[in-house]
Amino acid sequence: MYNIKLLNKIAKIGLDEFDAAKYVAKDDIENPDAIMVRSAVMHDMEFSPELLAIARCGAGVNNIPVDKCAEQGIVVFNTPGANANGVKELAIAALLLAARDIVGGVAYANSLTENVAKTVEKGKSQFAGSELRGKTLGVIGLGAIGGMVANAAATLGMNVIGYDPYITIEAAWRLSHTITKASSYEEIFRKCDYISLHVPATPETKNMICSDSIAMMKGGVKIINLSRADLVCADDIKTAIADGKVGRYVTDFPTEETINFPGIVTIPHLGASTAESEDNCAVMAAHELIDFIENGNITFSVNYPSVQMPRSGEHRLVVLHKNIPNMISTVTGVISAEGINIENMANRSKGDYAAMLIDTNSLVSADNLEKIKAVDGVIRVISL
Numbered sequence: 006m007y008n009i010k011l012l013n014k015i016a017k018i019g020l021d022e023f024d025a026a027k028y029v030a031k032d033d034i035e036n037p038d039a040i041m042v043r044s045a046v047m048h049d050m051e052f053s054p055e056l057l058a059i060a061r062c063g064a065g066v067n068n069i070p071v072d073k074c075a076e077q078g079i080v081v082f083n084t085p086g087a088n089a090n091g092v093k094e095l096a097i098a099a100l101l102l103a104a105r106d107i108v109g110g111v112a113y114a115n116s117l118t119e120n121v122a123k124t125v126e127k128g129k130s131q132f133a134g135s136e137l138r139g140k141t142l143g144v145i146g147l148g149a150i151g152g153m154v155a156n157a158a159a160t161l162g163m164n165v166i167g168y169d170p171y172i173t174i175e176a177a178w179r180l181s182h183t184i185t186k187a188s189s190y191e192e193i194f195r196k197c198d199y200i201s202l203h204v205p206a207t208p209e210t211k212n213m214i215c216s217d218s219i220a221m222m223k224g225g226v227k228i229i230n231l232s233r234a235d236l237v238c239a240d241d242i243k244t245a246i247a248d249g250k251v252g253r254y255v256t257d258f259p260t261e262e263t264i265n266f267p268g269i270v271t272i273p274h275l276g277a278s279t280a281e282s283e284d285n286c287a288v289m290a291a292h293e294l295i296d297f298i299e300n301g302n303i304t305f306s307v308n309y310p311s312v313q314m315p316r317s318g319e320h321r322l323v324v325l326h327k328n329i330p331n332m333i334s335t336v337t338g339v340i341s342a343e344g345i346n347i348e349n350m351a352n353r354s355k356g357d358y359a360a361m362l363i364d365t366n367s368l369v370s371a372d373n374l375e376k377i378k379a380v381d382g383v384i385r386v387i388s389l
């Protein structure tokens, strides 16, 4: 029986994916085999030796100590694309909120107490905006969400320019032929009336929108940030709004610095807060955990490489290790020395870490499992 600890409320449709004969999924498990989490902060948590994996029901993993988990042989999964449609729809709403002062207009209308219809007609001009059609949108990051935003904006009649130095072939195929490829971030900054950010928060992307990048932009540019607060320097965006350089900033990540500031629209992190997104993320996370726990297959991990292999033997070893020379020959040598034939194997690496799947028709002995664990650079060995 495998124990799955729930750190947040997880959609029932996802929990139903676990076979009740094999899994127990609840929030009061002390030494779990795996954890499912949404927003709970895990950086101060101590992990038991039994913990094999953590699945984040969402794309961002800022709440998880990813590097610490890699060092302990804990595979961290996320669910890219599962909430993409929900975020895309909010991005379209954010474009409209940036183009027209809908938030200010609603607050104004709700403040009226008498002669409402007549007063509205007199006061509405102060909330007038512009249409999206014909304007140029720059999309930074063309993955699952950014690509959908780019395509949707194009159908609204916007001229869309996209930039993503890490775009995959699959993501490129999903883009409308009307999307223009930019050659750099700077091209997006200089050409666009609207800029929408769809990149992860990393040391390289932190404060990518700052005084230097804003200085390259058109006057009155509107900026949409549904990714992470750290992408935008709050002090610099407020200065740019006060100076009129930035027309409006819409963010799904409010902070003390950005709330209640004229020209900034703060949304309370609603990007993936739809029933459909929560269901999709929960189901995808459950499938990732099940396939890893039962087969050792790794899909959409943020700290270990993706590696999958159909079962071709009665037994499978999963070896998580440092990405250093001679690991394959050393590990397989220990198995061969026992007279066990390797039916199939796969090895993939990602940065400093790698994962090896080995299928055999004979069970590797406990003594030889210990020998593999003792190999310099091996982090974890799982026998399935």
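If you read the sequence shown in the numbering used here, its first letter stands for residue 6, the second for the next number, and so on.
Virtual Cβ for every residue (Gly too), placed ideally from N, Cα, C.
Nearest-angstrom Cα distance between A245 and L142? 19 Å
On the CB-based measure, 16 or more other CB atoms within 10 Å of its CB, does K10 come out buried or exposed? So K10 ends up on the buried side.
In the DSSP assignment, what residue or residues form a beta bridge with T256? Bridge pairing for T256: N230, T271 [DSSP].
Roughly how many angstroms lie between the CA atoms of P310 and N302, to the nearest whole one? The straight-line gap from Cα to Cα measures roughly 10 Å.
Quick check on DSSP: helix, strand or coil for D284? helix
Could you work out which residue in V336, M314, P330, P70 is closest to V324 when comparing CA atoms only? V336
Do you know how far the Cα of A277 is from the Cα of A87? One C-alpha to the other measures close to 9 Å.
Own chain, CB closer than 6 Å to A64, minus 5 neighbours either side, in chain order: N83, P85
Look up D72 in the DSSP assignment and say whether it is helix, strand or coil. helix
Which value, in whole angstroms, describes the spacing of the CA atoms of S232 and N265? 20 Å
If you run the structure through DSSP and keep just helix, strand and coil, what is L389? coil
What residues in its chain sit with their C-beta under 7 Å from that of I193, if we drop five residues either side in the sequence? G143, I145, I166, Y168, A187, I200
Whole-angstrom distance between K140 and M221, CA atom to CA atom: 18 Å
For P208, count neighbouring Cβ atoms within 10 angstroms of its own Cβ and tell me buried if that reaches 16, exposed if not. With fewer than 16 other CB atoms across the displayed protein chains lying within 10 angstroms of its CB, P208 is exposed.
Taking the CB atoms as reference points, tell me whether R61 and V42 lie closer together than 7 Å. yes
Segments of 4+ residues assigned as alpha helix (DSSP H) that fall wholly inside the region 135-218: 149-160, 174-179, 190-196
Measure the alpha-carbon distance for A98 versus S388 and round it to whole angstroms. 49 Å
Which two residues bound the contiguous beta strand (DSSP E) that contains Y113? Per DSSP, Y113 belongs to no beta strand (DSSP E); it is in the alpha helix (DSSP H), 107-116.
When burial is assigned at 16 or more other CB atoms within 10 Å of the CB, is E283 buried or exposed? buried
I want to know whether the region 47-59 touches the region 71-81 - three or more CB-CB distances under 8 Å. yes
Starting from S354, follow the beta strand (DSSP E) in both directions and report where the run begins and ends. 347-355
Taking the alpha-carbon of K355 as reference, which of N328, E22, A157 has the nearest alpha-carbon? N328
Can you find at least 3 beta carbon pairs, one from the region 252-259 and one from the region 288-298, that sit closer than 8 Å? no
Decide if H326 is buried, meaning its Cβ has at least 16 other Cβ atoms within 10 Å, or exposed. buried
Using 10 angstroms around the beta-carbon of D235, count the other beta-carbons present and answer buried if the total reaches 16, otherwise exposed. buried
Taking just the CA atoms, how far does A89 sit from A149? 6 Å
Which residues bound the beta strand (DSSP E) around V29? 28-31
Contacts around V270, its chain only, beta-carbon distance under 8 Å, and the 5 residues preceding and following it disregarded: A99, L102, A103, V108, R253, Y254, V255, T256
What would DSSP say about H292, mapped onto helix, strand or coil? helix
If you follow the beta strand (DSSP E) that V324 is part of, which residue opens it and which one closes it? 320-327
Please name the residue in I333, G152, A206 whose C-alpha comes closest to that of N67. A206
Straight-line gap, Q131 to R105 (C-alpha atoms, nearest Å): 10 Å
Do N373 and E348 have their C-beta atoms within less than 7 Å of each other? no
DSSP three-state label for N8, please. Here N8 sits in strand by DSSP.
How would you label Y171, buried or exposed, when you count the other beta carbons within 10 angstroms and need 16 or more for buried? exposed
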